[in-house]
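Protein chains in written order, with this note's numbering: chain A, 2 to 112; chain B, 3 to 119. Here the structure is laid out as structure tokens; the discussion comes afterwards.
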């Protein structure tokens, strides 16, 4: 089974600051996904990155897939309290039939 | 359009009791999944069903059984609950998409919070 490690595990910053969280593996993935999970709810898909080196933007969130397709990063600009949540990366194995999830980064934005 | 629904939302069991967690999706997806989520361990796959009538083990299947009742419903059963099964359980279904967007998207239910004492 391919493993995904996320860092940092916890991050607490002030509103308005920038931050980057990371998702790393020793294995190559055909794609990687990022999910956000709010307390008491299930994860919600934010983005899928498919091509090595790809950069996707979702408002203040920027997602990048590593050139070798072994890692990904999520950068948030001018963080807001609404960005608070658990951020999970996930990658497919056994074709696209199953997903492997990272352990997550729990982000808290302090107003 | 309700998406993925799960019942119950909360449950407390005593060691040795049994229960069934229910999951249904109204998006006509073929694949459905059961995960458990524990602090510091992310989401771990218990069982999945690639299509109606088929089920396969995931990463942590011991102590669980599943039934894919029809295309909409996928249930998870604990025959004899143990404290180690205290967790939050999520059901998910998968939609196939175009290759350019990765080929798939998973949709999750709101979860069942299970405590075994």
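All C-beta atoms in this analysis are idealised placements derived from N, C-alpha and C, irrespective of residue type, glycine included. Because the structure is a prediction, the values reported are computed rather than measured.
Opening and closing residue of the beta strand (DSSP E) in which residue 57 (chain B) lies: The count along the second chain starts at 1 and reaches residue 57 (chain B) at position 55. Neither: residue 57 (chain B) is in no beta strand (DSSP E) and is coded neither H nor E.
Any C-beta of chain B under 8 Å from that of residue 99 (chain A): Taking the first residue of the first chain as position 1, residue 99 (chain A) is located at position 98. Residue contact with chain B for residue 99 (chain A): present (Cβ-Cβ distance below 8 Å to some residue of chain B).
Same chain only: Cβ atoms within 8 Å of residue 96 (chain B), ignoring 5 sequence neighbours per side: On the second chain, residue 96 (chain B) is found 94 positions in, with the first residue counted as 1. Result list for residue 96 (chain B): 31, 32, 33, 34, 35, 106, 107, 108 and 109, in chain order.
Chain A contact for residue 108 (chain B) (CB, 8 Å cutoff): Within the second chain, numbered from 1, the residue matching residue 108 (chain B) stands at position 106. Taking CB atoms only, residue 108 (chain B) has a neighbour in chain A less than 8 Å away.
Inter-stretch contact at 8 Å, needing at least 3 Cβ pairs: the segment 16-27 of chain B / the segment 83-91 of chain B: Contact between the segment 16-27 of chain B and the segment 83-91 of chain B is present, because at least three Cβ pairs lie under 8 Å.
Presumed contact (8 Å Cβ cut-off) between residue 47 (chain A) and residue 33 (chain A), rounded CB distance: Residue 47 (chain A) sits at position 46 when you count from the first residue of the first chain. Residue 33 (chain A) sits at position 32 when you count from the first residue of the first chain. Wrong, their Cβ atoms sit about 11 Å apart, outside the cutoff.
N-terminal and C-terminal residue of the beta strand (DSSP E) that residue 100 (chain A) is part of: Within the first chain, the letter at position 99 stands for residue 100 (chain A). Unbroken beta strand (DSSP E) run through residue 100 (chain A): 99-102.
Touch test, the segment 12-26 of chain A against the segment 46-61 of chain B, Cβ-Cβ under 8 Å, three pairs minimum: At 8 Å Cβ cutoff, the stretches do not touch.
Distance between beta carbons of residue 86 (chain A) and residue 37 (chain A), contact taken as under 8 Å: In the first chain, residue 37 (chain A) corresponds to position 36, counting from 1. In the first chain, residue 86 (chain A) corresponds to position 85, counting from 1. About 5 Å; that satisfies the 8 Å criterion.
Chain B residues whose Cβ lies nearer than 7 Å to that of residue 102 (chain A): On the first chain, residue 102 (chain A) is found 101 positions in, with the first residue counted as 1. Chain-ordered, the chain B residues with CB closer than 7 Å to the CB of residue 102 (chain A) read 44 and 45.
Coil, strand or helix - residue 72 (chain A) by DSSP: Walking along the first chain from the start, residue 72 (chain A) turns up at place 71. DSSP places residue 72 (chain A) in strand when its eight states are reduced to three.
Near-chain A residues of the segment 48-77 of chain B - C-beta to any C-beta below 9 Å: Flagged, chain order: 50, 52, 58, 60 and 61.
Sub-8 Å separation of residue 8 (chain B) and residue 88 (chain B) beta-carbons: The residue labelled residue 8 (chain B) in the question sits at position 6 within the second chain. The residue labelled residue 88 (chain B) in the question sits at position 86 within the second chain. Going by C-beta atoms, residue 8 (chain B) is not nearer than 8 Å to residue 88 (chain B).
Rounded separation between residue 100 (chain A) and residue 71 (chain B) - CA only: As a working mapping, residue 100 (chain A) is identified with position 99 in the first chain. As a working mapping, residue 71 (chain B) is identified with position 69 in the second chain. In this structure, the CA atom of residue 100 (chain A) is about 23 Å from the CA atom of residue 71 (chain B).
Supposed contact pair residue 39 (chain B) and residue 45 (chain B) - C-beta distance, whole angstroms, cut 8 Å: On the second chain, residue 45 (chain B) is found 43 positions in, with the first residue counted as 1. On the second chain, residue 39 (chain B) is found 37 positions in, with the first residue counted as 1. Yes, residue 45 (chain B) and residue 39 (chain B) are in contact; Cβ-Cβ is about 5 Å, under 8 Å.
8 Å Cβ cut-off: residues of chain A touching residue 33 (chain B): As a first step, residue 33 (chain B) is located in the second chain; it is residue number 31 there, counting from the start. One finds 98 in chain A with Cβ atoms closer than 8 Å to the Cβ of residue 33 (chain B), taken in chain order.
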